[in-house]
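Here the structure is laid out as structure tokens; the discussion comes afterwards.
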Amino acid sequence: MPRHDDHDDHDDDFDDDPSLDEDFPLGDGTADTTATVTCPYCAESVDIALDPGSGSAQSYVQDCEVCCNPWQLFVEYDAEGAAHVSVIALEQ
Ligand SMILES: [Zn+2]
């Protein structure tokens, strides 16, 4: 049975489900799996792959694919599965 068809009745609790905060959509295909960041070294916009299954708050090191300098990446997911990514130059 389809969850949402073209019936007219508004399905308000579809959008405002308070359980969404507890039911974090990690790993079920609704969380962001890519992000665009700006390299702190070469200022290029670079698309990167994310791994929602690694948790709602992540930090790791990845090299810029344009200039090969190392980034320190911070990834946080909000309750809707949207990724918030920040990148800084990795101190060496
Ligand atoms: Zn770069």
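Residues 12 to 103 in the working numbering are what the sequence shown lists, from first letter to last.
Quick reminder that beta carbons are idealized off the backbone N, C-alpha and C, glycines included.
With distance defined between alpha-carbon atoms, name the residue in V96, H95, E102 and S56 nearest to C75.
Of the listed residues, the one whose Cα sits closest to C75 is S56.
Check: V77 C-beta below 6 Å from any heavy atom of ligand 1:
At least one heavy atom of ligand 1 sits closer than 6 Å to the Cβ of V77.
Host beta strand (DSSP E) of D58 (start-end):
Element bounds for D58: S56 to A60.
Is it buried or exposed, G92, if we count other Cβ atoms within 10 angstroms and call 16 or more buried?
Classification of G92: buried, given that the 10 Å Cβ count is 16 or more.
Hey, how far is the Cα of P51 from the Cα of Y71?
Looking at the backbone, the Cα of P51 and that of Y71 are separated by about 15 Å.
Using only the heavy atoms of ligand 1, determine whether one of them is closer than 6 Å to the beta carbon of Y8.
This structure leaves residue 8 out entirely; the chain is present only between 12 and 103.
Endpoints, beta strand (DSSP E) assigned at L84:
If you look at L84, you'll find it in the beta strand (DSSP E) that goes P81 to Y88.
Where L31 falls: helix, strand or coil (DSSP)
Its pLDDT being 47, under 50, L31 is placed unreliably by the model, and nothing is read from it.
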